[in-house]
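Note that the sequence shown covers residues 1 to 430 in the UniProt record's numbering.
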Amino acid sequence: MCAAPITVDVPVEQLCIGLYVHLDISWLEHSFALNSFKIKSQEEINAIKQLGLKTIRVSPAKSDNRPLPPQPKTAGAVEPEPVIQHSPEELALIAEKKARIDRLVKERDAIAQCEKQLLKAANTLKNITKNLFSRPQESVREAEQLVQQMLDSLLVDKDIAIHLMNDKIVGEEAYYHSLNVAVLTMMLAKELSFPAEDIRQLGMGCMFHDIGKVEIPDRIVNKTFALTKAEQNLMQMHSHYGQQIAEKLNLPKGVTEIIAQHHEMADGSGYPQQLKAERISPLARVVAITNTYDNLCNRPNPADSLSPYEAMSYMFAHQRKQFDAPALNLFIRCMGVYPPGTIVKLSDGTLGMVVGVNSGKPLRPSVLIYDPSVPKSEAIILDLIHEPILDITASLKPGQLTPEVYEYLSPRKRMTYFFDTQKADNQRKP
């Protein structure tokens, strides 16, 4: 692990462009995007001087220049009190910071609302699954209502914001996988311009796509190490068992096909029937992509899981012949090169974790920033759509982080996504 970078205290009068500075005050008390950054203009120096700090911590190793030489003082001279008078450029920085704070508050609120909606949806799906065989009609009706709520939220806005959820609220139950696949599939279907009825059937199919696993012993379904060949063969029967259950429930043909075919692959390498692309339902071809992605990110043993970035890269590099090409390419575009949950390094060297992505601007996600000067509970979330000078330059594995950074960013052991349904709820209110 790397040692903490050495810093030196530099009088504010000796600041110059190119110095990498650390502001040891609350993030809310200054006008900059981050507490640590490289000075790029005289306006930024003026803004730092307005903070009333006598000295500023500087990282020589990250700086392009050395501080200015100290100015000789005249004997008996009294330092005049600085007059706070903001230039138009400084006022612009202050306005940008106010907008940044407003966005941070809205982002935190959106994440909190999503977590509430996720818990509500998960509890609903848990009850649906528990009562599916004792009260089938009621359970199917509840599933339709849940899918309709999700569909309403998708159709409110042109772009979809997908948020990473805190895995402390997420259990290990299979219905979180079903919700994950439903969220990602319905998002992708909207971007593919599927009609609302198809998106509705996709939602229903995803909710029940693994229902056949109720016929498989738990010791096999929940096994955290490699299955034997016999166990693999039995596990693959869940698609067939699910189709039988769907037919008994009189689920629509499109939903039944999703349940039966979500493991079929375009190149014929899937199961249970080794169907090729033209024989696979168009809806099931979409679910095959999102189901594979979620299974790569959330394996039974979390230690075997890939990061979102690794999963997306693996699917494109090694599995793309197995999927519908236009749908896979659009899924990657919607989720971005660095999907939510990815640990990233920004162009200024800052470390962070992607916590949200907007389908309209997938290369400019929202990033939770590692800054030890800001309490973890108040961590900064920057929306890169509004931070044009910052870019993501690399993806990191959680194991590459120091213990301090790992504890602060809290990389998710399970990747769980949800979109905000509050806008749809508000639109429905009279």
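Every residue, glycine too, gets a C-beta built ideally from N, C-alpha and C.
Small disclaimer: the values here were computed from a predicted structure and weren't measured.
GLU107 and GLY341 have their alpha carbons spaced roughly 16 Å apart. Remark: three or more beta-carbon pairs, one from each stretch, lie closer than 8 Å, so the stretch 53-71 and the stretch 9-24 are flagged as touching.
Taken atom to atom, the span from the alpha-carbon of ARG333 to that of GLU264 is near 23 Å. Buried is the label assigned to ARG285, since at least 16 other Cβ atoms lie within 10 Å of its Cβ. Shown here, ASP371 sits in coil according to DSSP, grouped into three states, outside any helix or strand.
In the structure shown, ASP24 adopts coil according to DSSP, grouped into three states. Counting every other CB atom within 10 Å of its CB across the protein chains shown gives HIS318 a total below 16, marking it as exposed. Note that the C-beta distance between ILE381 and LEU104 is below 7 Å. Ranked by how close their Cα comes to the Cα of ILE392, the residues ASP348, GLY360, SER41, HIS386 have ASP348 in first place.
Closest option to ASP371, judged by alpha-carbon separation, among ASN180, TRP27, ASP9: TRP27. In chain order, LYS38, ILE39, SER63, ASP64, ASN65 place their CB closer than 8 Å to the CB of GLY18, counting only its own chain and leaving out the 5 sequence neighbours on each side. When C-alpha distances from SER139 are compared across PRO195, GLU197, ASN166, ASN123, the shortest belongs to ASN123. When LEU192, GLU144, LYS116, GLU115 are compared, the shortest CA-CA separation from ILE128 is found for GLU144. HIS209 sits close to HIS262, with the two beta carbons spaced by under 7 Å. Distance check between ILE369 and each of GLY360, VAL355, LEU363, PRO362 places VAL355 closest, using alpha-carbon atoms only. Per DSSP, MET335 is one residue of the alpha helix (DSSP H) stretching across 325-335.
The beta-bridge partner set that DSSP reports for SER59 is empty. Between ASN298 and ARG414, the CB-CB gap stays under 7 Å. With at least 16 other beta carbons inside 10 angstroms of its own, ARG412 counts as buried. In the DSSP annotation of this structure, the continuous segment of the alpha helix (DSSP H) that includes PRO403 starts and ends at 403-409. Annotation: the stretch 118-201 contains the following complete segments of the alpha helix (DSSP H) (minimum length 4 residues), in chain order: 136-156, 174-191.
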